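Reading through the structure tokens given below for one structure.
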Amino acid sequence: MSAGRPLRAPWAGPLGLHHPGTSAIHRAPAGLKLALLAVTGAVLVVPTGPVVAGVGLLVVVALGAVARIPVRTSTRGLVPVLLAAAALGGYQAWARGAAHGAEVALDLLTLVLAGTLVTTTTRADDLLAVVARAVRPLRHVGLPPETVALTVGLFLRTVPVVVRVTDEARDAARARGLGRDPRAVVVPAAVRMVGHARATGDALAARGLGD
Amino acid sequence: MIELDAAEVTAWSPDPAGGREHVVRLLGPVTLRLVERRVAVVGANGSGKSTLARLLNGLVLPSAGHVRVDGLDTARDGAAVRRRVGFVFTDPDAQLVMPTPVEDVALSLRRHVPDAAQRAAAATAALARMGLADHAHVPVHALSGGQRQLLALAAVLATEPAVLVCDEPTTLLDLRWRTHVDALLASLPQQVVVVTHDLEAAARADRVLVVDDGRVVADGPPPAALGHYRALMGARAADVGVP
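Just so you know, the protein sequences line up as chains A and B, in that order.
So for the first sequence, the numbering used here puts the first residue at 1; every next one is plus one.
So for the second sequence, the numbering used here puts the first residue at 212; every next one is plus one.
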């Protein structure tokens, strides 16, 4: 509890949401942005040292400034990523040296921020169109590209739902005096998410999206 | 026009005593011809009214009999039926699948408007008709429950279905949003079938169906049908000792 402090809306996931704008990054084709994101991911796995990794992070932050993404949009979901980066970097520093640990932590932050930059500057509709084009060959093995693309959209939408359901399950457990029992949170949250998944399937069918 | 011809829905049910599964009847047989512009369906929880609603756009297929919309059979022409019959659920969270309102409405329009820019413009216009223009790019999870239900309606109505089926669309809403959504549904040019527990809203329909224990036990103008429903619920309450 934070007495006297205004409440904040629940965290909605690390991937961000589309933030409309007219910057060059907003106007760049979604396919190009996804391709550059994939290249960034591939380059980051090549060991280059902490200095290059730091420069990569600064470049992504600078691109975020060019796109005029509000700082809060890109940083709110970063706390869990920062914790993961610290844990991973700490382990790597212990196992393979401080330079390697710093590089791993910086690479992880760079990749998450780059992903956030792509999702905040690209409409989900455009992302889905690119995904549908990219997976078109899967049609030959019986997998409709639009279904794969829709799965990506559903993933983006489901993150805040999982957060909300888990928060509500935690509140319900606290109200019953079971706040310290993880089963009182995990079991009802899991049951509700299964119910949500079934209802979403029905809704997709009702909208004719599976036809 | 919606026609149910001896439509029945059955399902396998586990035996609580641990015996073999057996088939139970969830609904029917129901024979109906719905031509009225506003049809309300009322009934107790678990009575089968949602199953009846789901039959109308092929979400549930009849185990026996037929359901037809403008001559299209839901079992044979499911995709065509769903293009004619829009469906709105109680909980909009299950229905809204994209991160922002404009994207969710655009998703509904993918098959109708191939060009992405035109689709985005059509989605924005659909939101404006619902009074959600200012919320087009707001994350869906940041909308209020009433705004989410309006968005669910916008996403369905954007494709201009001939019939709209709503399964308790106002159950989760406060009085202000319930009044707003009711007025909106009343103003639509489409045929609207609404499953509801709101007897005031049901009283404004042209025809009311009362579903009980999987059967349509009353069917007619609101005063008579709702009178039957009130008497039925009164008897049920007395059975379980409710004063």
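The C-beta atom is built at its ideal place from N, Cα and C for all residues, glycine as well.
Every value quoted in this text rests on a predicted model; they were computed, and no experiment measured them.
GLY56/A and THR110/A have their alpha carbons spaced roughly 7 Å apart. HIS140/A and ARG133/A have their C-alpha atoms spaced approximately 13 Å apart.
Taking a C-beta cut-off of 9 Å against chain A, the contacting residues of the stretch 307-322 of chain B are LEU307, VAL308, MET309, PRO310, THR311, VAL313, GLU314, ASP315, ALA317, LEU318, SER319, ARG321 and ARG322, listed in chain order. The way I'd put it, the stretch 375-383 of chain B does touch the stretch 294-304 of chain B; three or more beta-carbon pairs between them come closer than 8 Å. Scanning chain B for C-beta atoms nearer than 8 Å to the C-beta of LEU154/A yields VAL308, reported in chain order.
Boundaries for ILE69/A: no alpha helix (DSSP H) harbours it, and the DSSP string shows neither H nor E there. Cβ neighbours of LEU354/B within its own chain (closer than 7 Å, five residues either side excluded): HIS346 and LEU362. Inside the stretch 381-415 of chain B, DSSP marks whole beta strand (DSSP E) runs of 3 or more residues at positions 402-406, from first to last along the chain. Shown here, LEU283/B sits in a strand according to DSSP, grouped into three states. For ALA255/B, the nearest beta carbon of chain A is not closer than 8 Å to its own beta carbon.
For ARG183/A, the nearest beta carbon of chain B is not closer than 8 Å to its own beta carbon.
Against chain B, the CB of ARG123/A has a partner CB under 8 Å away; the residue lies at that interface. Residues of chain B with a Cβ closer than 8 Å to the Cβ of LEU204/A are, in chain order, VAL308. Annotation for HIS140/A: no beta strand (DSSP E) segment contains it, and DSSP assigns it neither H nor E. Close to chain A, meaning a Cβ-Cβ distance shorter than 8 Å, are the following residues of the stretch 335-353 of chain B: HIS348, PRO350, VAL351, HIS352 and ALA353. For VAL422/B, the uninterrupted beta strand (DSSP E) run begins and ends at 418-423, by DSSP. Contact between VAL406/B and SER261/B is confirmed by a C-beta separation of about 6 Å, below the 8 Å threshold.
Annotation for GLY90/A: GLY101 place their beta carbon closer than 7 Å to its own, counting only its chain and skipping 5 residues before and after.
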